[in-house]
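For the record, the sequence lines run as chains F and G. For the first sequence, the numbering used here assigns the number 1 to the initial residue and increments by one for each residue that follows. For the second sequence, the numbering used here assigns the number 124 to the initial residue and increments by one for each residue that follows. Beneath this line is the structure, given in structure tokens, with notes to follow.
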Amino acid sequence: MKHQVSLDYSLAEGWLAPWIEGLRQGKAIASHCKTCGGAQFPPLRVCPDCRTPSDGWVTLSGRAAIQWRTTGADGDFAVAKFEGAHGATVLRSAHLPPHAAHGRLRACAEGPPILQLEPEPDL
Amino acid sequence: MVLVIGAALTPFNRRRDGSGFRDWAAQAFSDALRMAGLEPGDIDALIVSSESDFFTLQLNPASVIAQDIGLCGAETLRVEGGGGSGQYAVHVGVERILSGRAQRVAVLGVDPSASALDGDSIRELYGYSFDFWTDGLSGITATGLYALSWQAFAAEYGAAGTDLDRVATKNRCNACENPGAHLPRIHTAEEFEASPVIASPYKRLHCSPLSDGAAALILSAREAAPALRQTRAPAITGIGAASDLPGLGHRKSLGRFEAKSLAAKRAYEMAGISASAIDLAEVYDAYVGAELQAIAALGLSADPVAALRDGRFDADGACPINLSGGLIGQGAPVGATGVGQAATCALLLEGRYHKGLQPERPLGHALADTHGGVGTSCAVTVLRAGGQA
Ligand SMILES: [Zn+2]
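What follows is the structure in structure tokens.
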């Protein structure tokens with residue numbers, strides 16, 4: 001028997017709203033821990049090291065160093081560390097050249113807020 | 124003391140015979156109950172593991188399964204912890220007995236991961252296994268995340284691409300002796316070479332299949348077990364679980380499954396043993412590299428790459444890993460996976476496993492290891508052979 005379900009969600013961004021707005025504008029907005037001074041990007045409500053609730057937001061440069069990369073039928077993704085962030089993050093890297101060592105956060109004004117990099121502008 | 128007095132798995136594969144998940148659940152339960160020598164009325168509680176309502180299209184699946192297998196009146200509930208759901212269900216069953224709330228518990232894992240939805244839909248749903256707002260929205264698949272984690276592990280432990288082929292070959296060879304396995308295969312080097320890259324370095328042959336199937340355990344307090352089972356049945360002597368941050372980048376180590384190490388430590392402590400006492404293990408090899416990451420995290424080898432190359436984890440090795448074929452060879456009906464691993468360990472410890480895979484030497488302890496996410500929600504179970512004080 002065939003049976004189809006179609007679902008149309010309305011998702012609230014909640015406490016992540018500043019971060020999501022940053023992705024739309026191409027700004028790397030990180031959560032800040034007042035105990036250790038660390039910035040988490042993507043943000044974490046509680047600092048994993050201090051277990052202190054985040055006390056606000058800081059804006060990072062948006063430049064990220066690529067650590068690992070994977071490509072294939074499932075797409076092009078990487079682990080990258082944003083300048084000023086405590087840890088690294090997984091993100092989409094389809095817009096980067098294959099051996100790029102760095103990239104910068106790409107704005108996603110249209111469509112869903114996706115964490116992705118684009119090539120750095122020529123200096 | 125919690126005994127495994129019944130253990131059964133249906134075949135794991137893609138069903139084309141018109142049967143559904145409720146049929147497989149009923150089959151696994153009835154086989155396990157027969158081994159236990161009990162009737163449905165002897166069961167106090169039913170703990171069901173199924174990863175997602177999206178697969179079964181059934182919220183509260185425990186209610187309809189209880190109806191199908193004659194357990195109305197018993198406590199029935201479902202446990203969910205992503206890919207680790209099955210092992211968490213085993214833990215809940217053990218705790219029901221240790222707390223004294225139940226004497227005999229059925230643990231039943233089931234999922235129609237192959238036949239209910241097309242592969243793309245399942246892959247999209249699995250994408251929601253990770254943090255929706257970060258990894259989920261990026262569109263990365265489970266394969267992509269495992270590939271990134273593996274690269275960090277491989278760099279630290281000196282693993283090569285051929286080690287991925289080696290694990291796939293080992294597990295699918297084991298599956299050739301398991302009549303219930305989804306992928307009994309002998310791959311050639313050419314087949315690995317030609318296999319399409321899904322998320323580098325993972326090729327299709329390095330990934331576990333989506334399977335249909337069910338597995339069941341009947342757990343019992345020793346004094347509540349039928350006399351014959353009291354002496355022979357293996358015991359679950361240790362359970363441990365722990366969690367890590369879902370985002371790989373937030374972790375201290377991208378490639379090490381640190382929550383799994385913590386879960387194993389807790390299980391070993393409860394069992395009163397160290398990792399060196401484990402004679403064989405069924406570990407969570409959703410991807411072939413994850414098997415080596417698990418072996419390292421569980422403390423089963425300090426140098427899993429060298430040990431793999433030496434044959435230590437082969438069927439005739441010192442510590443066979445995934446004799447069943449694992450997820451790679453036996454298959455992966457998600458909710459059934461952890462329950463099936465524990466069932467496999469119990470059958471092996473009792474000498475009742477498939478002929479070509481049952482070790483000839485006496486066995487003391489076995490370990491079942493399952494996780495959700497990429498080593499995010501980890502659950503480990505230690506079992507001890509029966510007939511020991
Ligand atoms: Zn902090």
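Note that CB positions come from ideal geometry on N, CA and C, so glycine has one too.
- Contact of residue 16 of chain F with chain G by beta-carbon distance below 7 Å involves 256.
- In summary, the residues of the region 68-90 of chain F whose CB is separated from some CB of chain G by less than 7 Å are 68, 70, 71, 72, 73, 74, 75, 77, 79, 87, 88, 89 and 90, in the order they occur in the chain.
- Residues of the same chain with a CB within less than 7 Å of the CB of residue 197 of chain G, apart from the 5 flanking positions on each side, are 166, 167, 168, 169 and 189 in chain order.
- Closer than 7 Å at the C-beta level to chain F, one finds these residues of the region 265-295 of chain G: 266, 267, 268, 270, 271, 274 and 275.
- Nearest CB-CB separation between residue 115 of chain F and chain G: below the 7 Å threshold.
- Inter-residue distance for residue 179 of chain G and residue 349 of chain G is about 34 Å (C-alpha atoms, whole angstroms).
- Around the beta carbon of residue 104 of chain F, a 10 Å sphere encloses 16 or more other beta carbons of the protein chains shown; the residue is thus reported as buried.
- Contact note: residue 44 of chain F reaches chain G through 373, using a C-beta cutoff of 7 Å and chain order.
- Proximity annotation: ligand 1 has residues F:33, F:35, F:36, F:38, F:47, F:49, F:50 and F:52 in chain order, each selected because its CB is closer than 7 Å to a heavy atom of the ligand.
- Counting every other CB atom within 10 Å of its CB across the protein chains shown gives residue 52 of chain F a total below 16, marking it as exposed.
- Scanning G:428, G:509 and G:493 for the CA closest to the CA of residue 212 of chain G turns up G:493.
- In the DSSP assignment, residue 325 of chain G is bridged to G:322.
- In the three-state reduction of the DSSP assignment, residue 261 of chain G falls in the helix class, which pools H, G and I.
- For residue 510 of chain G, the three-state secondary structure derived from DSSP is coil.
- Its Cα nearest to that of residue 121 of chain F, the residue F:106 stands out among F:106, F:85 and F:42.
- Taking a cut-off of 8 Å for Cβ pairs, the region 192-211 of chain G and the region 496-509 of chain G touch, as three or more such pairs fall below it.
- Within the region 92-111 of chain F, 92 place their CB atoms closer than 8 Å to a CB of chain G, listed in sequence order.
- Taking a beta-carbon distance threshold of 7 Å, residue 53 of chain F does not count as an interface residue toward chain G.
- In the DSSP assignment, residue 366 of chain G forms a beta bridge with G:500.
- Assigned with DSSP and collapsed to three states, residue 330 of chain G falls in strand.
- Assignment of residue 14 of chain F by DSSP, reduced to helix, strand and coil, places it in the helix class.
- Within the region 314-344 of chain G, 319, 320, 321, 322, 323, 324, 325, 326 and 327 place their CB atoms closer than 9 Å to a CB of chain F, listed in sequence order.
- DSSP places residue 483 of chain G in the coil class of the three-state scheme, outside both helix and strand.
- The C-beta distance from residue 66 of chain F to residue 101 of chain F rounds to 6 Å, short enough to meet the 8 Å contact threshold.
- Per the C-alpha coordinates, the member of G:176, G:137, G:250 and G:294 positioned closest to residue 434 of chain G is G:294.
- In this structure residue 250 of chain G is buried. Its beta-carbon is surrounded by 16 or more other beta-carbon atoms within 10 angstroms.
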